[in-house]
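Below you'll find the structure, written out as structure tokens, and then a few comments.
Residue numbers (my numbering), protein chains in the order written: chain A, 137 to 360; chain B, 9 to 543.
As structure tokens, then:
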């Protein structure tokens, strides 16, 4: 017999096997999930969850698909959080500090409480990446925030009303488009293809009988 | 930390590590691969397939589970909705909010069409988000689209539609450039050179990545762009039936609110199916690396209105699904782990294959190790083999894992396994639907006009197996292609009278074939609630 634990899903008590994730425990209890369930693998941020263990006053946050149940765990999922997403034209903005001031001025109201960092389900240094965004250091903001799954737990705990994941999203796009070095070999190759450099080669391959292609494939040189 | 029962095998792996790093296993010959696949690959298990008795692919075999939903009943009756009063009326309707759907919507918008996305979960809840390893493009001086073509054509067992594959490889560099200009980050050297690696079956290092969040980085950027453009995203709303007009052209879809069950009608001049894959069908009882909504909906929608399937009998089992601990059973362990140097090792610490064979060959080889050869490690949920991740740190230097595959480190770290110091246990997991709806080079189905398909729901781009990094590529290339062509076509299209007559036609066909079923489809979501019988 499996070891069972008590969990309180939205306050209601269920007994579930101790080896389940919170998400699987909800399904074990009979929930057919529509909201609050996406990739089930820790990449999409759909299953942001807030919990508290009986007797402990600390509120904790996690992804329901990546976290095992514990005995006497009170669970509330946060399947949607109203983040502020400002719209902009990526081709019209520039990677200057001003853009953050215009789009997300509330980041300058950060009180330094670090609740965002404590709430991060990915263990990111959220307050630090917001500090980088304040200073217009978008490359650092992009790197520090890179593993963000945009679950919104940070924002749910922020007294300044900052939508951290959206700030980071903007910083990464600015970095990817404007700040990271250009790839010359990529630009060259796109031009060569447009100029038809490979057309003949590809057409010749497309026209070959299968047996000949098999021979080419099986004897092709593989880069070390 | 692994429990006692793993320690003996673990010790053998550790002791052999230095020698295993130096050892370069031979690649299999064409004949060896053929024999291995025939004996061990799940696609070759004849009793797991069933012949379709109705529809455009009548007489062909598909997985049993897929056959069941293709021949199933509609979720609606024609009288349930008023086709004369559509709630939405657009030029281009995109069904699905993954990478293909988002790319298509962005391009249709750029082309000046009115476009909307209907998606049964949220935009970005898709396999794209979970693609870890990377995206292929032949953009290095020692590479060319022709070499990329040959790698992919051979890896797909020479079955790809050549004109589709040619488009894929020739448009690849431009796809990378398009993404980069949208702000997608790629791993680059300080001078801008893309950091590229091998994938299984590639003959050049052309795998571009954004750490091991490659798909997530692409998906969140595309989603941001869709929102910036104000493209309407109707979320938690699934398409349950396509709508044709009286001339048989695709002209919209019946949509269902996933929470309230409310039905509505979307009329459109062209429709793009971008519904993704089928991992949640759990073919042959396999676990899956796919997202929650991967239930082959688009195949069902298309099949019922007469669109033909191609290679629907071929699935991809990713060789390295997590086999332990149980909480992440079936989750993807990116192929990039092997690209970075980790080898597959059996119970006795022996490297039993070259780590970068194509996925189907690698999966079959692991299954052989764990079955007939009896060289698997017992996990409690079946047998598995080791993927010796500490090799990566020894080859690439300390810190390589944290820098290049942080998601993997985090996933196993949550369960107390430090992949920098301990190897991990893996077994094949259902990963990708190689087959799907048959399209021409414009992205339109070969049998239903104005019905376009993009992404994993397409069949024929890759053939009967797909190389790592060609799926992220295909959703971008063929997503954009479908968006552009659907927009262009919408400008020349006048929608006639909407009809759902195909439902009764399909019902009649089913009855005539003597099929008795009370299954309804599309499935929309799997049911993981505990069954009463398990209590």
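Here a beta-carbon is modelled for each residue, glycine too, at the ideal position from N, C-alpha and C.
Discussion item. Give me, in chain order, the residues of the same chain whose beta-carbon lies closer than 8 Å to that of residue 73 (chain B); leave out the 5 immediate sequence neighbours on both sides.
Written reply: Numbered from its first residue, the second chain carries residue 73 (chain B) at position 65. The residues are 289, 290, 291.
Fill in: Residues from the stretch 266–287 of chain A in contact with chain B, defined by Cβ distance under 8 Å
278, 282, 283, 285, 286
Fill in: Distance, residue 313 (chain A) Cα to residue 189 (chain B) Cα
By one-based count along the second chain, residue 189 (chain B) stands at place 181. By one-based count along the first chain, residue 313 (chain A) stands at place 177. Approximately 5 Å, taken between the alpha carbons.
Worksheet item: What are the start and end residues of each continuous alpha helix (DSSP H) run of 4 or more residues lying completely inside the stretch 36–70 of chain B, in chain order?
Response: 38–48
Practice prompt. Using a Cβ-Cβ cut-off of less than 8 Å, give me the residues of the stretch 206–239 of chain A that come near chain B, in sequence order.
Written response: 221, 223, 224, 225, 226
Worksheet entry | Rounded Cβ spacing between residue 298 (chain A) and residue 266 (chain A) (contact assumed at less than 8 Å) | Your numbering for residue 298 (chain A) matches position 162 in the first chain. Your numbering for residue 266 (chain A) matches position 130 in the first chain. A Cβ-Cβ distance of about 7 Å is found for the pair residue 298 (chain A) and residue 266 (chain A), placing them in contact under the 8 Å criterion.
Worksheet entry | Where residue 258 (chain A) sits in the DSSP three-state scheme | As a working mapping, residue 258 (chain A) is identified with position 122 in the first chain. Residue 258 (chain A): coil per DSSP, three-state reduction.
Practice prompt. Could you name the residues of the same chain whose beta carbon sits closer than 8 Å to that of residue 493 (chain B), not counting the 5 residues immediately before and after it, in chain order?
Written response: Here residue 493 (chain B) refers to the residue found at position 485 when the second chain is read from its first residue. Closer than 8 Å at the Cβ level, and outside the excluded window around residue 493 (chain B), lie 450, 451, 452, 460.
Item to complete: Report all residues from its chain with a CB closer than 6 Å to the CB of residue 181 (chain B); omit the five preceding and five following residues, and keep chain order.
Response: Residue numbering aside, residue 181 (chain B) sits at position 173 when the second chain is read from its first letter. 145, 147.
Worksheet item: At what residue ranges does the stretch 170–239 of chain B contain a whole run of the alpha helix (DSSP H), taking only runs of 4 or more?
Response: Counting only runs of 4 or more, we get 170–178, 180–190, 222–236.
Worksheet item: With respect to 7 Å, is the separation between the Cβ of residue 147 (chain A) and the closest non-hydrogen atom of the ligand NAD below this value?
Response: Absence of the ligand NAD is noted for the structure shown, with no ligands found whatsoever.
Item to complete: Pick out the complete alpha helix (DSSP H) segments inside the stretch 189–266 of chain A, 4 residues or longer, and give them in chain order.
Response: 233–239, 251–255
Fill in: residue 511 (chain B), enclosing alpha helix (DSSP H) - first and last residue
If you number the second chain from 1, residue 511 (chain B) lands on position 503. From DSSP, the alpha helix (DSSP H) with residue 511 (chain B) extends over 509–520.
Item to complete: Can you tell me which of the three DSSP states residue 368 (chain B) falls into?
Response: The residue you call residue 368 (chain B) lines up with position 360 of the second chain. Three-state DSSP puts residue 368 (chain B) in a helix.
Worksheet item: Distance, Cα to Cα, residue 356 (chain B) vs residue 209 (chain A)?
Response: In the second chain, the residue the question calls residue 356 (chain B) occupies position 348. In the first chain, the residue the question calls residue 209 (chain A) occupies position 73. Cα to Cα, the separation comes out at about 41 Å.
Fill in: Beta carbon proximity, residue 475 (chain B) to chain A, threshold 8 Å
Numbered from 1 along the second chain, position 467 holds the residue referred to as residue 475 (chain B). Closer than 8 Å: no.
Worksheet item: Among B:194, B:36, B:152, B:158, which one has its Cα closest to the Cα of residue 324 (chain A)?
Response: Here residue 324 (chain A) refers to the residue found at position 188 when the first chain is read from its first residue. It is B:152 whose Cα lies nearest to the Cα of residue 324 (chain A).
Practice prompt. Identify the continuous alpha helix (DSSP H) that holds residue 276 (chain A) and give its terminal residues.
Written response: Position 140 of the first chain, counting from 1, holds the residue named residue 276 (chain A). From DSSP, the alpha helix (DSSP H) with residue 276 (chain A) extends over 274–280.
Practice prompt. Give the residues of chain A in contact with residue 124 (chain B), contact being defined as C-beta atoms less than 9 Å apart.
Written response: As a first step, residue 124 (chain B) must be located in the second chain, where it is residue number 116. Within 9 Å Cβ-Cβ: nothing; residue 124 (chain B) doesn't reach chain A, min ~17 Å.
Worksheet entry | Three-state class that DSSP yields for residue 493 (chain B) in the structure shown | Along the second chain, read from residue 1 onward, the residue named residue 493 (chain B) stands at position 485. The answer is helix: DSSP assigns residue 493 (chain B) an H, G or I state.
Discussion item. Suppose you measure from the CA of residue 143 (chain B) to the CA of residue 517 (chain B); what does that come to, to the nearest Å?
Written reply: Working through the second chain from its first residue, we reach residue 143 (chain B) at position 135. Working through the second chain from its first residue, we reach residue 517 (chain B) at position 509. So the two alpha carbons sit approximately 42 Å from each other.
Worksheet item: Does the Cβ of residue 504 (chain B) have 16 or more other Cβ atoms within 10 Å, making it buried, or fewer, making it exposed?
Response: Residue numbering aside, residue 504 (chain B) sits at position 496 when the second chain is read from its first letter. With fewer than 16 neighbouring CB atoms inside 10 Å of its own CB, residue 504 (chain B) falls in the exposed class.
Worksheet item: Counting Cβ pairs closer than 8 Å, one from the stretch 300–314 of chain B and one from the stretch 118–138 of chain B, do we hit at least three?
Response: yes
Discussion item. Three or more C-beta pairs under 8 Å: does that hold for the stretch 216–232 of chain B against the stretch 341–356 of chain A?
Written reply: Segments in contact, no.
Practice prompt. Determine the closest residue to residue 272 (chain B) out of B:385, B:88, B:317, with distance taken between C-alpha atoms.
Written response: As a position in the second chain, residue 272 (chain B) is number 264, starting the count at 1. Nearest option by C-alpha distance: B:88.
Worksheet entry | Inter-residue spacing [alpha-carbon to alpha-carbon] between residue 445 (chain B) and residue 473 (chain B) | Position 437 of the second chain, counted from the start, is the residue given in the question as residue 445 (chain B). Position 465 of the second chain, counted from the start, is the residue given in the question as residue 473 (chain B). Spanning the two alpha carbons is a distance of roughly 16 Å.
Fill in: Whole-Å CB distance - residue 212 (chain A) paired with residue 158 (chain A), under 8 Å assumed
By 1-based counting over the first chain, the position of residue 212 (chain A) is 76. By 1-based counting over the first chain, the position of residue 158 (chain A) is 22. Contact between residue 212 (chain A) and residue 158 (chain A) is absent: CB atoms are separated by about 11 Å, not below the 8 Å threshold.
Worksheet item: How far does the beta strand (DSSP E) with residue 439 (chain B) in it reach, from first residue to last?
Response: Along the second chain, read from residue 1 onward, the residue named residue 439 (chain B) stands at position 431. Start and end: 432–441.
Fill in: As assigned by DSSP and simplified to three states, the class of residue 138 (chain B)
Residue mapping note: residue 138 (chain B) aligns to position 130 of the second chain, counting from 1. If DSSP states are grouped into helix, strand and coil, residue 138 (chain B) belongs with the helices.
Practice prompt. Could you tell me whether any Cβ in chain D is nearer than 8 Å to the Cβ of residue 49 (chain B)?
Written response: Checking the listed chains, one finds no chain D in this structure; the protein chains it contains are A and B.
Worksheet item: In whole angstroms, what separates the C-alpha of residue 80 (chain B) from that of residue 268 (chain A)?
Response: Residue numbering aside, residue 80 (chain B) sits at position 72 when the second chain is read from its first letter. Residue numbering aside, residue 268 (chain A) sits at position 132 when the first chain is read from its first letter. Near 55 Å, if we compare the C-alpha coordinates of residue 268 (chain A) and residue 80 (chain B).
Worksheet item: If you scan the stretch 370–414 of chain B from start to end, which runs of the alpha helix (DSSP H) of 4 or more residues do you find wholly inside it?
Response: Qualifying alpha helix (DSSP H) stretches, in chain order: 398–404, 408–412.
Discussion item. By alpha-carbon positions, which one of B:477, B:464, B:162, B:470 ends up nearest to residue 106 (chain B)?
Written reply: In the second chain, the residue the question calls residue 106 (chain B) occupies position 98. The residue with the shortest Cα to Cα distance from residue 106 (chain B) is B:464.
Worksheet item: To which residues of the same chain is residue 229 (chain B) closer than 6 Å at the C-beta, ignoring the five residues directly before and after it?
Response: By 1-based counting over the second chain, the position of residue 229 (chain B) is 221. Cβ neighbours of residue 229 (chain B) beyond the five flanking positions: 190, 191, 192.
Worksheet item: Quick one, which of B:119, B:438, B:441, B:478 has its alpha-carbon nearest residue 498 (chain B)'s?
Response: Translated into the one-based positions of the second chain, residue 498 (chain B) becomes position 490. The residue with the shortest Cα to Cα distance from residue 498 (chain B) is B:119.
Worksheet entry | Per-residue DSSP class, three states only, for residue 118 (chain B) | Locating residue 118 (chain B) in the second chain gives position 110, where the first residue counts as 1. Helix at residue 118 (chain B).
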